[in-house]
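One structure is given below, encoded as structure tokens.
In our numbering, the protein residues as written are 24 to 235.
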């Protein structure tokens, strides 16, 4: 449902949406910062569970997973970062916080090149890593997408997948690093809340999101 009720936000006018509406980019709204979300499950949205996005009101998920048109179009690595081609893998300092996906993605891209393996004897790099794919994604002329943080990815599961929306399948990358060799993922085929890590050279699905 689209609600054509203009509201003043950040000094301007924007259209108002409800959670699970179709968003302006053609995806699905999964968070409204004015309303927040009951993250702790105590049946009350407290002050620290809303107004979490410093510059935006809504989060919108792309209508489908990233597809690169190859023979295995939905599965992509996260990739490894190093201080030099023969150096050890390193962590760049991403966050799990809600609202950090956009800055995580920028931080990851600024740490390129990304390597396909953690082996110091292999210096093969790639531009087809999860954060870069989201950053370069364009849909309906919108090109401001990013890789969700671990907490944002979890809300995709709760607010869309559990409502049978979004056409999610399998395991999804977050933009939140766990160690120099692993990254947090969400397994959408499991009903219970879960938090797992996968090696950075595993291939998993990517769902871009955007904030506005």
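For each residue, glycine too, the CB sits at the ideal point set by N, CA and C. Note that the structure is a prediction, hence the values are computed from the model and not measured.
Query                                                                                                             : Result
Between the CA atoms of residue 61 and residue 97 - distance to the nearest angstrom                              : 31 Å
Exposure of residue 185, with buried meaning 16 or more beta-carbon neighbours within 10 Å                        : exposed
Assumed close pair residue 204, residue 225 - CB separation to whole angstroms, cut-off 8 Å                       : Not confirmed; about 11 Å, so no contact.
Separation of residue 112 from residue 123, as counted between CA atoms                                           : 22 Å
Segment contact flag, the region 112 to 121 with the region 169 to 187, C-beta cutoff 8 Å, min 3 pairs            : yes
Assigned exposure category for residue 40 - 16 Cβ within 10 Å defines buried                                      : buried
Any alpha helix (DSSP H) of 4 or more consecutive residues that is wholly inside the region 54 to 140             : 124 to 133
Residue 104, buried or exposed, once every other Cβ within 10 Å from all chains shown has been counted against 16 : buried
For residue 201 and residue 218, the rounded distance between their alpha carbons                                 : 11 Å
Cα-Cα separation between residue 137 and residue 114, rounded to whole angstroms                                  : 12 Å
Per-residue DSSP class, three states only, for residue 38                                                         : strand
Length of the line joining the Cα atoms of residue 132 and residue 229                                            : 16 Å
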